[in-house]
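Chains as they are written, first to last, in the numbering used here: chain D, 1 to 556; chain G, 557 to 1112. Report on the structure given below.
2 protein chains.
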Amino acid sequence: MTRTFGTPGQDLVFVPLGGAGEIGMNLYLYGHRGRWLMVDLGIGFGDDSMPAIDVVLPDIRFIEERRKELAGLVVTHAHEDHLGAIPYLWSRLRCPIYATPFAAALLETKLKEADPPVRAPITVVPLGGRFDVGPFNVELVSLTHSIPEPNALAIRTGAGLVVHTGDWKFDPHPLVGGDADMAALERLGAEGVEALVGDSTNVFVTGEPGSETGVRESLTHLLGQYGDGAIAVTCFASNVARLESIAHAAAANGRRVALVGRSLWRIVEAARRTGYLGEAGSFHTDDEVMKVPRDRLVYICTGSQGEPRSALARIAGGSHPCVTLGRGDTVLFSSRMIPGNEREIFRMQNQLVRSGVRLVTDREQFIHVSGHPGRDEVERMYRLVRPRAVIPIHGEVRHLTEHARLARGWGVDTALVVEDGTVARLAGGPVEVVGEVPHGKLVVDGSRIMPFESEVLRSRKRMMFNGAVVVTVVVDLGGTLVREPQITAPGIIDPAADEDDHAALAKVVRTAVAGLAPSLKRDDAAVREAVRLAVRRRFKESHGKKPVTDIHLVRI
Amino acid sequence: MTRTFGTPGQDLVFVPLGGAGEIGMNLYLYGHRGRWLMVDLGIGFGDDSMPAIDVVLPDIRFIEERRKELAGLVVTHAHEDHLGAIPYLWSRLRCPIYATPFAAALLETKLKEADPPVRAPITVVPLGGRFDVGPFNVELVSLTHSIPEPNALAIRTGAGLVVHTGDWKFDPHPLVGGDADMAALERLGAEGVEALVGDSTNVFVTGEPGSETGVRESLTHLLGQYGDGAIAVTCFASNVARLESIAHAAAANGRRVALVGRSLWRIVEAARRTGYLGEAGSFHTDDEVMKVPRDRLVYICTGSQGEPRSALARIAGGSHPCVTLGRGDTVLFSSRMIPGNEREIFRMQNQLVRSGVRLVTDREQFIHVSGHPGRDEVERMYRLVRPRAVIPIHGEVRHLTEHARLARGWGVDTALVVEDGTVARLAGGPVEVVGEVPHGKLVVDGSRIMPFESEVLRSRKRMMFNGAVVVTVVVDLGGTLVREPQITAPGIIDPAADEDDHAALAKVVRTAVAGLAPSLKRDDAAVREAVRLAVRRRFKESHGKKPVTDIHLVRI
């Protein structure tokens, strides 16, 4: 049914290359009249099957191969999973970038700090602005989210109008930035929206999500409750409204605020540069407040997800250069646990509790709200925009499928679940799957970027389970072993502790070589293979393991 | 303050070797008059920092070294984290084992299936029984939990009486086995309990947990709602009451029940052998029901935690030999997500949804209750038993600390948080820490058992992040390279794809050898070290990596 997709025609097509099948790694393409519009280029996060991988990128080879057709990249907002891949991948695309002031400021910093620095042209577009990117006319519609300046995109083409929501919620009192532009959504609905491509993160969530204003009131109350020691609050660094709320709550309780963690300073700097945080007062560095009495202090720390190198993880582990927390101090987790991060978070929380710290989480107190729409808000969005079709994005398959089911229940004609790499027609013909394109995941591994499905990573995973063994065998021309075998078996034999294993393996090697027929002894490949098989058989029997095995043969 | 502990005297001491600092790996020692009583010997579960490790065992060297002092092992109940380590470790202890009929039946099967089989003497003790184990008089007190025959232990010694709760809840309608013996708890309270050592799993949970009977009613209703296809229910295999409930619900809706997953059969067999499941009707094998219409079928499947080799994971992945699920079928998760398992569970759920399966979890429907006591039940337990002191167990530090805080709030004189390896006096003197003993974690790795903190596992972790490299260098007596270097670099160079890397590394090796002073060239260690450093420097620069590195030097 599906076919590999080429160049878009008069209709309007949509291709997710990331974000439809996972939360994170957002990268969406809209295609029309031979050109592509890219929306977002974000990173994904690691996977517990491969702990060494922290950063995942979408595989962009489809669009890289036709980058001449790429009219531009529009960034919906400044979260890492929407713009974090730009420093890694922009040089393969070299397209114009469009972003609102806050996202542009943050992106500029990131591009400057990249190694090597990336010099990409960013066109700063105003909130509510409207501009052409090739054959796409893009109008920004301000929404609310957990970061300043979240934008939905109204994309007008010769084939019709579609709305791409980005990440959003309807926060009636967002504190930072304006309210969601309901009038604009209603106007789009009146104009006629062919399709809405929308956020599915919280489709399993019912009930009212609450507002940032409520969190501010709650924090102001709570910061007065823990009078005896220092208070640390951890939250997502990019939540500028939350930072402002913590600053307000601290001021109301006569406490000064220190920021601990580099990404907080990066956010604050970008926020101030673009007109936010005007009322937040001063933020101090951790060493500026070393003489301030502990009960006059609030630390804002990175590390709400237990990230090992974050400020709070280092404080919890007792390895932070300036900040210590202990008996009498309190840590507030003004954040949620992202699924998959539980063990790291709990490990850090256990360390804090062991030091005598009092923990307060969003389980006990109202100190966090989500930035994504629960199902009631999604339904409200649909009543405003009245799309003829819905394509759920920003979710795993279970989210996308539930979102589609809900949309159908709310009377949307067509709700189509597509995953990364699938091409769907949105306008100019029936809404349906019309092709597929190459897609996948790349990983940032040290200073390299490589496919997730690479031999290097497969080997690494095999070694994680089974260890590795390399044996050097020195034989004469007749195939007689003339040196003791040299064996390195990391992750399976500890040379300091397992002397017997080492000696037994050497014997296995000697026997394997000695047992070969004279003609085979003269054949390098045969000697290597005999030793390889004997070594593997030995480890299977003695250790229940199949190490990654290689044999170096030296013939003298 | 603390000192290494030796042999217990006239007082009564308590030493957790597992379970105080983690959920799982339960192993508790009570010491009195030169003898030790062991309570439980369970496995722990892997850790996402080391995905290759599935099974963790408590490090028993403290008690192994004094096994003559070990009077016996009492098993509180049949969960893996309370008896699962016996097949691995009993041969190092060789002590008598005491268990009630169901746990004894299950343990016998496990010991028989172990490789090699373990022949351990199990004394079957009746529910409510009372018996001597060395200087300890042990009385079993029936409680309720998510498995048949959960027992608290009333341990009477010359120094006084303590109560060890095991895992428990107060289920007013437990369905399988009797009710919790409230009268016995009250009687113990009247007798005077020096200390209660108790379950902390759900100390953060408030509100009524609900009963198995409620789950049965809900399942009976729900199994009538999904009339169109097959229904699969996944739950913890050892929850015999749940199995019976599913069987009842199936029968009420005219559906036959097939068990999919070996551990289900092991549990059902042990349950039937000890008088449970009498009213559950027949369970079929998956191939027995292949001709039964799908809308007349309920599969009970292992795999509620997304375990990769479980029945449901194989069905979801399309690799199960008998069972397929797809459009029109429904899977009920009659279980909770154990923290840390979210990603595996969601991965499996996404596969099921992609096949068109309808998912029902405990988020949408009342189809699971916990087996552990929420804080209200813990308070109720304290009102009955009225312990003078409380030692929280079965929890991470954050659970233990919260449990202790609650206990103090309920008027308990002393609540002492101790972690694995700490010796606490419970009776015969002040309740306090009196020493410490060696403790730790062992891992089952293939057919070996080794310390978690071993060089072998450290290497494996390093290789997971950085790969490994072994270079064989052949030089003559003067130190001139006489063969091309042989390089194996799994997890960092793919020989098929990275030819340039390979060639560049060979050049680095040649240059390193050639650059040595003539005197050093004749020194094996110097040649090896020069090559090792050059190789590591190269990978740091070119790949941002520090592979595990070894050099094989052959001099001819």
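Here a beta-carbon is modelled for each residue, glycine too, at the ideal position from N, C-alpha and C. Remember, predicted model here, so these are calculated numbers, not experimental data.
The C-beta of G:I1049 has 16 or more other C-beta atoms within 10 Å across all chains shown, which makes the residue buried.
By the criterion of a C-beta distance shorter than 7 Å, G:H928 is surrounded in its chain by D723, K725, D755, T757, N758, once the five residues flanking it on both sides are discounted.
For G:V1027, the beta-bridge partners assigned by DSSP are G:I1043, G:I1107.
With at least 16 other beta carbons inside 10 angstroms of its own, D:L505 counts as buried. Listed in chain order, the non-local C-beta contacts of G:V1104 below 8 Å within the same chain comprise S1015, R1018, M1019, N1022, G1023, A1024, V1025, local neighbours out to five positions each way being set aside.
Within the same chain, E750, A983 come within 6 Å of G:G716 by CB-CB distance, once the 5 residues on both sides are set aside. Between the stretch 15-31 of chain D and the stretch 46-54 of chain D there are fewer than three inter-stretch CB-CB distances shorter than 8 Å, so the stretches are not counted as touching.
Cβ neighbours of G:R850 within its own chain (closer than 8 Å, five residues either side excluded): G785, A786, G884, D885. When Cβ-Cβ separations below 8 Å define contact, G:A608 makes contact with chain D.
Judged by DSSP in its simplified three-state form, G:L683 adopts coil rather than helix or strand. Counting only Cβ-Cβ distances below 7 Å, D:H543 has contacts in chain G at G1002, S1003, R1004, in chain order.
Non-local C-beta neighbours of D:E396 in its own chain, meaning closer than 7 Å and more than five positions away in sequence, comprise G21, E22, I23, ordered along the chain. Residue pairing by DSSP places D:W36 opposite D:G31, D:L70 in a beta bridge.
Counted as a single uninterrupted DSSP element, the alpha helix (DSSP H) harbouring D:H221 occupies residues 212-222.
The C-beta of D:E377 has 16 or more other C-beta atoms within 10 Å across all chains shown, which makes the residue buried.
For G:S698, the enclosing beta strand (DSSP E) begins and ends at 692-698. The C-beta separation of D:V138 from D:L153 comes to about 5 Å, placing the pair in contact by the 8 Å criterion. Per DSSP, the unbroken alpha helix (DSSP H) holding D:Y382 starts and ends at 375-385. Judged by their CB atoms, G:T830 and G:P657 are nearer to each other than the 8 Å cut-off. Not a single CB atom of chain D sits nearer than 8 Å to the CB of G:P682. In this chain, G:T1067 is not harboured by any beta strand (DSSP E); it is covered by the alpha helix (DSSP H) spanning 1055-1070.
If you draw a straight line from the Cα of D:G42 to the Cα of D:L264, it comes to about 19 Å. Fully contained in the stretch 603-655 of chain G are the following beta strand (DSSP E) runs of length 3 or more, in chain order: 606-614, 626-630, 653-655.
Remark: three or more beta-carbon pairs, one from each stretch, lie closer than 8 Å, so the stretch 891-901 of chain G and the stretch 340-348 of chain D are flagged as touching. Assigned with DSSP and collapsed to three states, G:R1018 falls in helix.
In the structure shown, G:D851 adopts helical secondary structure according to DSSP, grouped into three states.
A residue is called buried when at least 16 other Cβ atoms come within 10 angstroms of its Cβ; G:K1063 does not meet this threshold and is exposed. Contact check between the stretch 241-249 of chain D and the stretch 277-292 of chain D: three or more CB pairs, one atom from each, fall below 8 Å, which counts as touching. In this structure, D:A251 and D:G281 form a Cβ contact; the two beta carbons are roughly 6 Å apart against a cut-off of 8 Å. In this structure, G:I947 is the residue among G:D1001, G:D1106, G:T957, G:I947 with its C-alpha nearest to the C-alpha of G:V987.
The stretch 236-313 of chain D contains, as complete alpha helix (DSSP H) runs of 4+ residues, the segments 240-252, 262-273 (chain order).
By the Cβ criterion, the stretch 30-46 of chain D is in contact with the stretch 79-97 of chain D, since at least three pairs of Cβ atoms, one from each stretch, lie closer than 8 Å. The beta carbon of D:T401 sits closer than 8 Å to some beta carbon of chain G. Contact note: G:T970 does not reach chain D at a C-beta cutoff of 8 Å; the least C-beta distance is about 18 Å. Between D:S334 and G:T957, the alpha-carbon positions lie close to 21 Å from each other. In the DSSP secondary-structure assignment, D:E436 is bridged to D:T4, D:T422.
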